[in-house]
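Colleague: In the working numbering, the protein residues as written are 54 to 484. Glycine residues also receive a C-beta, built at the ideal position from the N, C-alpha and C atoms. I have a structure I would like to understand better, so I am pasting it below and will then ask my questions one at a time.
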Ligand code: IMP
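Next comes the structure, spelled out in structure tokens:
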């Protein structure tokens, strides 16, 4: 019996898709439990690159059952686009994909509302992915949302949509945007429902049964813990619970079903969109990370801000989300930097803090407290054993592990599937 949850410990884009892909080979089921098409998980297999937004990363692995669970907000057109895209690359998802009947739908007006809200925020915009995520989760919390199950009752669907749209249209009007036409919105959904029908299921029942039968289940988080709606850098966050704590709610599995939590971090930090980032580096070092690490959003193509590893964020995620082991991604990107900084705490007006603050104003006031380590020049792509890393890289990785407080059990040194170092017991502590 084994249920593993994997999630990002920073501001997203930690390289989760890559690890899910590795672990999916050993899993019977791979499950998305929150977020929506705002996610962008890139998996490279041989010469082929797959970018997945809504489908669980396990779809690339034959033999896995993939589930979009109740906690995800589902853009039906995007799902169909991704199913068709994979089919064109020879991957057939018939019988290998289930979508929860309880998942909420992201409809075209949610995307327009996303833009309208950003417009109304003016200088304080959140830099969302414009995928309708906030408005769709907003409808869910307000209890005015439409769910996948509603697609099978077109008449009721139209009535519910009309009610929901009357409120939204008033806001679109204020933002100077065209109102949404209900009849057109309903018409747009024709056909979608038929295409999705074969995949719709009570995925909670499927998951509980699989768990009880001892199947191996991988729960795949999207975004990162610093973007968590409760625990992240609010309001510069996404609208879901991005940590392992979001998984039981977003799947219907009991919390105690999760046996192992794997946290993913990059060897440095990136952030896309707006909002505070204490370790952002605008010098050549930050540019190096962006260029060598190819730090552009997989969903929006926006360049990501880059900076040093922030142990304040990672420690918080590790301690609160029950992280058993950490995967440290993209260590190879740091090759060529003369020195490497590691943020161990923040200072606000000279006062030291070891945990992330609550308010955005405090976040913006945080000055990072750094330890500085020597860099290395060697290309790490061919390294498969920790002892073969340059001494400086070993020292840095040990320091990261000590700061986060959890064993690092995987280190990635390149984008290709085989480019990683596995450490069963974590990084050996120097004697
Ligand atoms: P939303 O999730 O589209 O509402 O965007 C809210 C914030 O989360 C913005 O700063 C986005 O850039 C960020 N965000 C959303 N999804 C991702 C992701 O998958 N990776 C990194 N940042 C993300």
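#1: Ignore the nearest five residues each way along the sequence and tell me which others in residue 150's own chain have a CB closer than 6 Å to its CB.
#2: Just checking residue 289 against the ligand IMP - is the residue's beta carbon closer than 8 Å to any of the ligand's heavy atoms?
#3: Compute the Euclidean distance between the alpha carbons of residue 305 and residue 256, then round it to the nearest angstrom.
#4: In the DSSP assignment, the beta strand (DSSP E) including residue 395 goes from what residue to what residue?
#5: Tell me residue 59's beta-bridge partners as DSSP assigns them.
#6: Are there any heavy atoms of the ligand IMP lying less than 8 Å away from the beta-carbon of residue 272, as far as the coordinates show?
#7: Whole-angstrom Cβ separation of residue 56 and residue 224, contact assumed at under 8 Å?
#8: Flag this pair as touching only if the region 76–84 and the region 101–118 have three or more C-beta atom pairs under 8 Å; answer yes or no.
#9: Under the DSSP definition of a beta bridge, which residues are partnered with residue 381?
#10: Applying the 10 Å Cβ sphere with the 16-neighbour rule, what's the burial state of residue 499?
#11: Give a yes or no on contact between the region 260–278 and the region 346–362, applying the rule of three or more CB pairs nearer than 8 Å.
#12: Return yes when the C-beta of residue 85 is under 8 Å from any heavy atom of the ligand IMP, and no when it is not.
#13: For the putative contact between residue 317 and residue 88, defined by C-beta atoms under 8 Å, what is the C-beta separation to the nearest angstrom?
#14: Classify residue 81 as helix, strand or coil using the three-state DSSP reduction.
#15: Please classify residue 54 as buried or exposed, where buried requires at least 16 other C-beta atoms within 10 Å of its C-beta.
#16: Please report the Cβ distance between residue 298 and residue 264, rounded to the nearest whole angstrom; I am assuming they are in contact, meaning their Cβ atoms lie under 8 Å.
#17: Rank 472, 407, 383, 303 by C-alpha distance to the C-alpha of residue 364 and give the top, closest one.
#18: CA-CA distance, residue 191 and residue 436?
#19: How would you call residue 475, buried or exposed, if buried means at least 16 neighbouring beta carbons within 10 angstroms?
#20: Is the region 370–381 in contact with the region 337–351, if contact means three or more CB pairs nearer than 8 Å?
#21: Looking at the structure shown, is residue 54 part of a helix, part of a strand, or coil, going by DSSP?
#22: Count the other C-beta atoms from every protein chain shown that fall within 10 angstroms of the C-beta of residue 481, then say buried if there are 16 or more, exposed otherwise.
Modeller: With the given structure in hand:
#1: Counting only residues of its own chain and dropping the five nearest sequence neighbours on each side, residue 150 has a CB closer than 6 Å to the CB of 119, 252.
#2: Within the cutoff, so yes.
#3: Distance between the alpha carbons of residue 305 and residue 256: 8 Å.
#4: That run of the beta strand (DSSP E) goes 392–401.
#5: According to DSSP, which records beta bridges pairwise, residue 59 is partnered with 273, 315.
#6: Checking the Cβ of residue 272 against the ligand IMP gives no.
#7: Not quite, the Cβ-Cβ distance comes to about 40 Å (not below 8 Å), so this is no contact.
#8: Touching, yes.
#9: According to DSSP, residue pairing for residue 381 in a beta bridge involves 318, 464.
#10: Outside the shown range of the chain, which is 54 to 484, sits residue 499, and nothing can be said about it.
#11: At 8 Å Cβ cutoff, the stretches do not touch.
#12: When distances are taken from the beta-carbon of residue 85 to the heavy atoms of the ligand IMP, even the shortest one reaches 8 Å or more.
#13: The C-beta separation of residue 317 from residue 88 comes to about 15 Å, leaving the pair out of contact by the 8 Å criterion.
#14: Here residue 81 sits in coil by DSSP.
#15: No answer about residue 54 holds up, because its pLDDT of 48 lies below 50 and its placement is not dependable.
#16: Not a contact, Cβ separation roughly 18 Å.
#17: Closest by alpha carbon: 407.
#18: Their Cα atoms are separated by approximately 46 Å.
#19: Exposed.
#20: No: fewer than three Cβ pairs fall under 8 Å.
#21: For residue 54, the predicted model reports a pLDDT of 48, less than 50, meaning its position is unreliable; a value from the coordinates is still stated below. Three-state DSSP puts residue 54 in coil, outside helix and strand.
#22: Residue burial annotation: residue 481 is exposed, with fewer than 16 other C-beta atoms found within 10 angstroms of its C-beta.
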